[in-house]
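Heads up: the sequence shown runs through residues 796 to 1441, numbered per this note's numbering. Just so you know, even glycine gets a beta-carbon here, dropped at the ideal spot from N, CA and C. Read the structure below first, then the notes.
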Amino acid sequence: MFSINKSRNITILASIALSVSAIVLMAWFFQIKDILSIIPGSATMKFNTALLFQLASIGVILYPNNHRSTHILNTCLVFGILLIGGFSFATYFFSLGFNIDNLFISDIYSTEYPGRMSPATAICFILLGISLWGVHASSLTVRLAIQYFLLVIMLVSLVSIVAYALQIPGESRGFFIHSMAIHTSVLFILLTLALALRNPTLGFANLLFGKNAGSELMRSLLPFLIGLPLLLSYILLRASTNNILDFEFGLSLHTVTFILISIVYISIIASKLNKDDINRSALEDSLRISNQELTFFKEALDKSSILATTDRKGVITSVNDKFCEISKYSREELIGKTHSIINSGFHSKEFFLSLWRTISKGNIWEGEVKNRAKDGSYYWMLTSIIPFKDDKGRIYKYLSIRHDITDRKNGEERLAKQYEELKTKNVEIEQFAYIASHDLQEPLRTVINYTEALTEEYEGKLDSSADRYLSFIQDASTRMSELIKGLLDYSRLGKLTGKTKVNCSTLIEEIKADLEATINETNTTITLGDLPTINGFEIELRLLFQNLITNAIKFKRQDINPEITISAKKNDLFWEFSVKDNGIGIEEKHQQKIFIIFQRLHSRKDFAGTGIGLSHCQKIVNLHGGTIWVDSEINKGSTFNFTIPI
Ligand code: ADP
């Protein structure tokens, strides 16, 4: 198929014409007759003809743009062609004495009208000149008319070529084309094709080069319809002049051959067309199915989402029912407006600027937008805005798909508010605990000091009950002091230092060294797995591990040596540590409450303690953003697990 790579093909066709006519011009200067007439004894391409072909070829290649110079050059070329073509033609009919035929070089070869182009050539040049001027005209009618001028040139040239092919003697061709040279005809065809390609969607060019089935049929049949009769007639003529065939028999043979070959050729074309047709209907079927699917998708989207389309400038062009329902505006009120009609004023200018920056670059924008309905109520939309682009990549509309997230956003807002309130309350409680425990220490120290003084002075001097009471007061005040200290420590956790890199293995080795006496006394074995270096509060982490280790030793089973294993494994988001012992274990129902401050499961007689250790542990883990829990089985042991985010 002829490719419509316009500019390239135009340049190729015109360059051939330019080169051939240049060779003919040279042949005139050097008097090489074979080049001038090609077929011995036939008409020559005249000097003026070759000259006009030069002008016309340049004109065809030239594309008048905004530069004035190209317009002037084009006008000059057109003028030159019309002038010489017009004078040549006029000389035939009006016997005017312009005498331009041998103006540049004298024709010594032609007997009749030496140097003068044939009237057909002159007419063709006049039409070609007009076409060169009109092919770029802004008026569609002019450009369409030009296509038909070109068709006339092509047909005249074709008739001349046929005459040559069938060897019709010059005199019998009629005055009009009898002296048009064969290469003149060919060059006319090349240049008209090239010019027709300047407007390939108009007139016969569209018919010849178009993409539709009719054009394809034309392209398949035309060469055949021109070529076959020409070939057959040529063979018939040759055969009859050489007495190989009787002309009448030859004519019948010619007709039968033509009919047979035509039937075969047309059958081939028809079956190809049928095949194309089958493919086309298969394509249509699949297109219908995908169209149907698209309709389903559209309906599903319409039912599930809030939709709106806008033009390039953001003016609303369509909205679905859900949009009207939530915005409380009618369709008529929305169409033709921009989205500023539902602007809540909640978002900054920069927010919308960045939105526009994204979508006008052809990218999808996604985000949460707070809007205002007609009745003044607010609603939140999870919004995606999708730009639609045409073949050239230019945005021609935007589709926005929204989902109502008002409930979620309100919930989030409530939660955030509650969280803030809780944070303030927590700070207040911690301040209270700090102030209370700090201020309680002073009077307590006085109680302890005076109880000691009382004991020193009066022990044994009063009766035995008084001694017991004094000892109770001493015990209770010491315990109270421990409790208050624990409370004070609790309120201070995480306040004194910042986070650093803490190597957990080193940390635990140090704790082991501190607890060496207890470990030896109780025959405790502590096994460490691969422990990481983490980012945390070192003093607090030390307290955390120390509490868990001392508990594991303290809550050992009788006659069984404590065995403690400390390990850590890495998950995607956090480290999970475990401190495992083989102690007395904890009943499932108590596994939550042991983390509450002052909660203990045993009396002080069985196991000493204040019930503060695990609440410290919980606060430290929370401080790092992790959680703590225990897995335990009574009389088998407990595993305290906690996570520290990476
Ligand atoms: P304390 O150790 O001072 O009692 P904790 O807060 O450290 O306070 O512990 C609270 C309670 O949890 C303990 O009284 C004990 O009953 C239980 N507990 C803690 N650690 C263990 C353990 N490793 N094995 C069994 N019980 C434990």
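| If you drop the 5 nearest sequence neighbours on each side, which residues of the same chain put their C-beta closer than 7 Å to that of Trp1424? | Sequence index remark: in the sequence shown, residue 1424 carries index 629 (1-based). Excluding residues within five positions, the ones whose Cβ falls inside 7 Å are Asn1436.
| said: Any heavy atom of the ligand ADP inside 8 Å of the beta-carbon of Ile1415? | reply: The residue labelled residue 1415 in the question sits at position 620 within the sequence shown. No - the ligand ADP has no heavy atom lying nearer than 8 Å to the Cβ of Ile1415.
| task | Check whether the Cβ of Asn1346 sits closer than 8 Å to any heavy atom of the ligand ADP, and report yes or no. | result | Numbered from 1 along the sequence shown, position 551 holds the residue referred to as residue 1346. For the ligand ADP, at least one heavy atom lies less than 8 Å from the Cβ of Asn1346.
| query | So is Ile1415 buried or exposed if we call it buried at 16+ other beta carbons inside 10 Å? | reply | As a working note, residue 1415 is residue 620 in the sequence shown. A residue is called buried once 16 or more other Cβ atoms fall within 10 Å of its Cβ, and Ile1415 is buried on that count.
| field | For Lys1364: DSSP bridge partner residues | value | Residue mapping note: residue 1364 aligns to position 569 of the sequence shown, counting from 1. Looking at the DSSP assignment, Lys1364 forms a beta bridge with Glu1371.
| Coarse secondary structure for Glu1163, derived from DSSP in three states | The residue you call residue 1163 lines up with position 368 of the sequence shown. In this structure, Glu1163 counts as strand in the three-state DSSP scheme.
| message | Please classify Arg911 as buried or exposed, where buried requires at least 16 other C-beta atoms within 10 Å of its C-beta. | response | For the purposes of this step, residue 911 is taken as the residue at position 116 of the sequence shown. With 16 or more Cβ atoms within 10 Å of its Cβ, Arg911 is classed as buried.
| query | How close, in whole Å, do the beta carbons of Val1297 and Glu1333 come, if the pair is a contact with beta carbons under 8 Å? | reply | Here residue 1297 corresponds to residue number 502 of the sequence shown, with the count starting at 1. Here residue 1333 corresponds to residue number 538 of the sequence shown, with the count starting at 1. Right, their Cβ atoms sit about 5 Å apart.
| field | Proximity below 9 Å, CB of Pro995 to CB of Gly1005 | value | Stepping through the sequence shown from its first residue, residue 995 is reached at position 200. Stepping through the sequence shown from its first residue, residue 1005 is reached at position 210. Cβ distance < 9 Å, so Pro995 and Gly1005 count as in contact.
| task | To the nearest angstrom, report how far apart Thr1319 and Arg1337 are at their CA atoms. | result | Start at 1 with the first residue of the sequence shown, and residue 1319 comes out as number 524. Start at 1 with the first residue of the sequence shown, and residue 1337 comes out as number 542. Cα to Cα, the separation comes out at about 19 Å.
| Grouping DSSP H, G and I as helix and E and B as strand, with all else coil, what is Phe944? | Indexing the sequence shown from 1 puts residue 944 at position 149. Note: Phe944 maps to helix in three-state DSSP.
| field | Residues that DSSP places opposite Glu1207 in a beta bridge | value | If you number the sequence shown from 1, residue 1207 lands on position 412. None, per the DSSP bridge assignment.
| Three-state secondary structure (DSSP) at Val1114? | Taking the first residue of the sequence shown as position 1, residue 1114 is located at position 319. Strand, per DSSP.
| message | Please report the distance separating the alpha-carbon of Pro1018 from that of Ile1061. | response | Locating residue 1018 in the sequence shown gives position 223, where the first residue counts as 1. Locating residue 1061 in the sequence shown gives position 266, where the first residue counts as 1. When rounded, the distance between both Cα atoms is 13 Å.
| field | Classification of Asn1086 by the beta-carbon crowding that lies within 10 angstroms, buried from 16 upward | value | In the sequence shown, the residue the question calls residue 1086 occupies position 291. Counting Cβ neighbours within 10 Å, Asn1086 comes out exposed, since fewer than 16 surround it.
| message | Can you give me the C-alpha to C-alpha distance between Ser1100 and Ser1113, rounded to a whole angstrom? | response | As a working mapping, residue 1100 is identified with position 305 in the sequence shown. As a working mapping, residue 1113 is identified with position 318 in the sequence shown. Rounded to the nearest angstrom, the two C-alpha atoms are 14 Å apart.
| request: Drop a sphere of 10 angstroms on the beta-carbon of Arg1189, count the other beta-carbons inside from all chains shown, and report buried for 16 or more, exposed for fewer. | output: For this step, residue 1189 is matched to residue 394 along the sequence shown. Exposed: under 16 other Cβ atoms inside 10 Å.
| message | Using a Cβ-Cβ cutoff of less than 8 Å, which residues in the same chain neighbour Arg1352 once the five nearest sequence positions on both sides are dropped? | response | Numbered from its first residue, the sequence shown carries residue 1352 at position 557. Residues Asn1377, Gly1378, Ile1379 and Asn1430 of the same chain have their beta carbon placed closer than 8 Å to that of Arg1352, with the five preceding and five following residues left out of the count.
| query | Which value, in whole angstroms, describes the spacing of the CA atoms of Leu1462 and Tyr904? | reply | The displayed coordinates of the chain run from 796 to 1441. Any statement about residue 1462 would go beyond what the structure contains.
| field | Straight-line gap, Ile799 to Leu992 (C-alpha atoms, nearest Å) | value | Counting from one through the sequence shown, the residue named residue 799 turns up at place 4. Counting from one through the sequence shown, the residue named residue 992 turns up at place 197. Confidence in Ile799 is poor, its pLDDT being 49 and thus under 50, which makes the residue's placement too unreliable to answer from.
| query | Name the DSSP beta bridge partners of Asp1234, please? | reply | For the purposes of this step, residue 1234 is taken as residue 439 along the sequence shown, with counting starting at 1. The partner list for Asp1234 (beta bridge, DSSP) is empty, contrary to what the question assumes.
| message | In the DSSP assignment, the alpha helix (DSSP H) including Leu1016 goes from what residue to what residue? | response | The residue you call residue 1016 lines up with position 221 of the sequence shown. Its alpha helix (DSSP H) spans residues Ala1008 to Thr1036.
| Apart from the five residues on each side of it in sequence, which residues of its chain come closer than 6 Å, Cβ to Cβ, to Ala989? | As a working mapping, residue 989 is identified with position 194 in the sequence shown. Apart from sequence neighbours up to five positions away, the residues of its chain that approach Ala989 with a beta-carbon distance below 6 Å are Ile805, Leu808, Ala809 and Val855, ordered along the chain.
| field | Cβ-based burial, Gly1420 [other Cβ within 10 Å; buried from 16] | value | The count along the sequence shown starts at 1 and reaches residue 1420 at position 625. By the 10 Å Cβ count, Gly1420 comes out exposed.
| message | Determine whether the beta carbon atoms of Lys752 and Glu1163 lie at a separation below 9 Å. | response | Given that the chain is displayed from residue 796 to residue 1441, the structure contains no residue 752 and the question cannot be resolved.
| Backbone secondary structure at Ile1429 - three-state DSSP | Mapped onto the sequence shown, residue 1429 falls at position 634. If DSSP states are grouped into helix, strand and coil, Ile1429 belongs with coil.
| With distances taken between CB atoms, is the gap from Asp902 to Phe842 smaller than 9 Å? | As a first step, residue 902 is located in the sequence shown; it is residue number 107 there, counting from the start. As a first step, residue 842 is located in the sequence shown; it is residue number 47 there, counting from the start. Contact flag set, yes.
| task | Give a yes or no on whether the C-beta atoms belonging to Gly1045 and Leu1031 are separated by under 9 Å. | result | Mapped onto the sequence shown, residue 1045 falls at position 250. Mapped onto the sequence shown, residue 1031 falls at position 236. The Cβ atoms of Gly1045 and Leu1031 lie closer than 9 Å to each other.
| request: Counting only the same chain and skipping the five closest in sequence on each side, list residues whose C-beta sits under 7 Å from that of Arg938. | output: Locating residue 938 in the sequence shown gives position 143, where the first residue counts as 1. Cβ within range, chain order: Gly929, Val930, Ala932, Asn994 and Leu997.
| query | Is there at least one non-hydrogen atom of the ligand ADP closer than 8 Å to the beta-carbon of Ile1137? | reply | Counted from its first residue, the sequence shown places residue 1137 at position 342. Every heavy atom of the ligand ADP is 8 Å or more from the Cβ of Ile1137, so no.
| field | Check whether Gly1281 and Ile1391 have beta carbons under 9 Å apart | value | Here residue 1281 refers to the residue found at position 486 of the sequence shown. Here residue 1391 refers to the residue found at position 596 of the sequence shown. Their beta carbons are not under 9 Å apart, which means Gly1281 does not touch Ile1391 by this criterion.
| Cα-Cα separation between Ser852 and His1049, rounded to whole angstroms | For the purposes of this step, residue 852 is taken as the residue at position 57 of the sequence shown. For the purposes of this step, residue 1049 is taken as the residue at position 254 of the sequence shown. In a straight line, the C-alpha of Ser852 is about 39 Å away from that of His1049.
| request: Report back the beta-carbon spacing between Leu1288 and Leu1418 to the nearest angstrom; my notes put them in contact at under 8 Å. | output: Within the sequence shown, the letter at position 493 stands for residue 1288. Within the sequence shown, the letter at position 623 stands for residue 1418. The pair is a contact, with the Cβ atoms about 7 Å apart (cut-off 8 Å).
| field | Phe1199 versus Lys1117: straight-line alpha-carbon distance, rounded | value | Locating residue 1199 in the sequence shown gives position 404, where the first residue counts as 1. Locating residue 1117 in the sequence shown gives position 322, where the first residue counts as 1. It should be pointed out that residue 1199 corresponds to Asp in this sequence rather than to Phe. Looking at the two C-alpha atoms, the distance is approximately 10 Å.
| Run through DSSP, which three-state label would Ser802 get? | On the sequence shown, position 7 is the one that residue 802 refers to. Helix.
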